[in-house]
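A.B. asks: Count along the sequence shown from 1, add 870, and you get the number used in my numbering.
Just passing along the structure, written as structure tokens.
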Amino acid sequence: MRIGILGSRRSWHVEALRRALEMRGIPAECFPITRFVVRISHQPRVRIEDQILENYDAIIVRSIPAGSLEQIIFRVDVLHRLEDLGVRVVNSARTIERTVDKYYTSALLEDAGISTPRTVVTECFDQAMEAFKELRDVVVKPLFGSEGRGMVRVCDEDAAYRVFRALELGRYVFYLQEFIPHANWDIRAFVVGNEVVAAMVRRAEGWKTNVAGGASVEPMELSEELRELSLRASRVLEAEYAGVDILKAEDGGYYVTEVNGIPGWKGLQSTTSVDIAGKIVEHVVDLANSRLNR
């Protein structure tokens, strides 16, 4: 079996996956997604450096670096092409398209009946101001982004005016999400296949609870309700593995705020004896075998 990893060779997560693959006797190759060379009407169809990717049984996507719109679309299109050529891509291009876009994620969660905060998305400054006046206390998020970078809480109309004007100048989309009071903690559940393999509480001094921003972590045993909520959210996004972020509001309700299709687990790994990379690799091997045995 041949399994490749699209990501940086210096990444902690890539190294964890490489070790898990090698422990199972599977050679682990890593490639930068920015180095695709593709051909139409002659072979090889998809190549990175000296590796022909259509010869792999599965590819694990660990990063899609920032780039121009053309670059991002091209990289995801190549993932679609690899799937068409019979390679199992994890997570799939379709799932990555759904999870990388916060609006798309929120809409799919709502359509599935999963509680998610009230959200307004627009390109219009005036409409953004109207949405702020309606919601009053909002988190302004980049449509694409991770680890809490670029998120701003706005609860003053003058501050909203200045923030939205700055975003307007950069031609950004306004993504405004109702702020849910949550006592500065949330839950990250890590789903692999049909199993929640581990979960943790993230606590912070402020309202942002991202581990990359300094939040502390502790293990959590999920209730059956939260376990099922995490699995439902992951299925809605068609993710083979995912990080599901859940807020417990002060009124006792639960809200899914994000489903990450390229989730990190370094912080979570420090809270559990479960080999998370091993769980991912086992699932990817099962998926590749099921395709080979068709």
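Idealized CB from N, CA, C, for every residue including glycine.
Out of Leu887, Val1008 and Gly1063, state which residue places its alpha-carbon closest to the alpha-carbon of valine 990.
C.D. replies: Numbered from 1 along the sequence shown, position 120 holds the residue referred to as residue 990. The option with the nearest alpha carbon to valine 990 is Val1008.
A.B. asks: How far does the alpha helix (DSSP H) with valine 1144 in it reach, from first residue to last?
C.D. replies: The residue labelled residue 1144 in the question sits at position 274 within the sequence shown. Taken as a continuous stretch (DSSP letters only), valine 1144 belongs to no alpha helix (DSSP H), as it is neither H nor E.
A.B. asks: At 3 residues or longer, and completely inside the region 1042–1115: list those beta strand (DSSP E) runs for me, N to C.
C.D. replies: If we require 3 residues or more, the beta strand (DSSP E) runs fully inside the region 1042–1115 come out as 1044–1048, 1055–1062, 1065–1073 and 1086–1089.
A.B. asks: Nearest to alanine 1085 by CA position, among Trp1055, His912, Ala1059 and Met893, is which residue?
C.D. replies: Within the sequence shown, numbered from 1, the residue matching residue 1085 stands at position 215. Nearest option by C-alpha distance: Trp1055.
A.B. asks: Grouping DSSP H, G and I as helix and E and B as strand, with all else coil, what is glutamate 1152?
C.D. replies: Residue 1152 sits at position 282 when you count from the first residue of the sequence shown. Helix.
A.B. asks: Are the beta-carbon atoms belonging to leucine 1005 and valine 1043 less than 9 Å from one another?
C.D. replies: Taking the sequence shown and counting its residues from 1, one reaches residue 1005 at position 135. Taking the sequence shown and counting its residues from 1, one reaches residue 1043 at position 173. Their beta carbons are not under 9 Å apart, which means leucine 1005 does not touch valine 1043 by this criterion.
A.B. asks: I'd like the span of the beta strand (DSSP E) that includes phenylalanine 906, first residue to last.
C.D. replies: Here residue 906 refers to the residue found at position 36 when the sequence shown is read from its first residue. From DSSP, the beta strand (DSSP E) with phenylalanine 906 extends over 906–908.
A.B. asks: When DSSP builds the beta bridges, which residues end up paired with phenylalanine 1183?
C.D. replies: Because the chain is modelled from 871 through 1164, residue 1183 falls outside the range shown and cannot be assessed.
A.B. asks: Check whether the region 975–988 touches the region 1091–1111, taking contact to mean three or more Cβ pairs, one atom from each stretch, closer than 8 Å.
C.D. replies: Because the criterion of three Cβ pairs below 8 Å is met, the region 975–988 and the region 1091–1111 touch.
A.B. asks: How should glutamate 1089 be labelled, buried or exposed, when 16 other C-beta atoms within 10 angstroms of its C-beta is the threshold for buried?
C.D. replies: Within the sequence shown, the letter at position 219 stands for residue 1089. Sequence check: residue 1089 is proline here, not glutamate. The residue in question, proline 1089, is exposed, as its Cβ has fewer than 16 Cβ neighbours within 10 Å.
A.B. asks: Could you give the DSSP three-state label for glutamate 1027: helix, strand or coil?
C.D. replies: Walking along the sequence shown from the start, residue 1027 turns up at place 157. In this structure, glutamate 1027 counts as helix in the three-state DSSP scheme.
A.B. asks: Does the beta-carbon of lysine 1003 have 16 or more other beta-carbons within 10 angstroms, so that it is buried, or is it exposed?
C.D. replies: The residue given as residue 1003 occupies position 133 in the sequence shown. Exposed, by the Cβ-count rule.
A.B. asks: What residue range does the alpha helix (DSSP H) around threonine 965 cover?
C.D. replies: Reading the sequence shown from its first residue, position 95 is the one you call residue 965. Looking at the DSSP string, the run of the alpha helix (DSSP H) that includes threonine 965 is 963–970.
A.B. asks: What residue range does the beta strand (DSSP E) around glutamate 1128 cover?
C.D. replies: Locating residue 1128 in the sequence shown gives position 258, counting from the first residue. Residues 1124–1130.
A.B. asks: Determine the contact status of glutamine 1047 and arginine 988, defining contact as a CB-CB distance below 9 Å.
C.D. replies: Here the question's residue 1047 lines up with position 177 in the sequence shown. Here the question's residue 988 lines up with position 118 in the sequence shown. Yes, Cβ-Cβ distance for glutamine 1047 and arginine 988 is below 9 Å.
A.B. asks: Using the Cα positions of isoleucine 1116 and lysine 1136, report the straight-line distance between them to the nearest angstrom.
C.D. replies: Against the sequence shown, residue 1116 aligns to sequence position 246. Against the sequence shown, residue 1136 aligns to sequence position 266. Taking the straight line from one Cα to the other gives about 18 Å.
A.B. asks: Can we say the region 875–893 touches the region 1150–1159, given the rule of at least three CB pairs closer than 8 Å?
C.D. replies: Yes, they touch.
A.B. asks: For the region 927–941 against the region 881–888, are there 3 or more C-beta pairs whose distance is under 8 Å?
C.D. replies: Cβ pair count under 8 Å is three or more, so yes.
A.B. asks: Nearest-angstrom Cα distance between glutamate 899 and alanine 1030?
C.D. replies: Along the sequence shown, one-based indexing puts residue 899 at 29. Along the sequence shown, one-based indexing puts residue 1030 at 160. The straight-line gap from Cα to Cα measures roughly 47 Å.
A.B. asks: Just verifying my parser: in three-state terms, what is the DSSP assignment at lysine 1011?
C.D. replies: Reading the sequence shown from its first residue, position 141 is the one you call residue 1011. Three-state DSSP puts lysine 1011 in coil, outside helix and strand.
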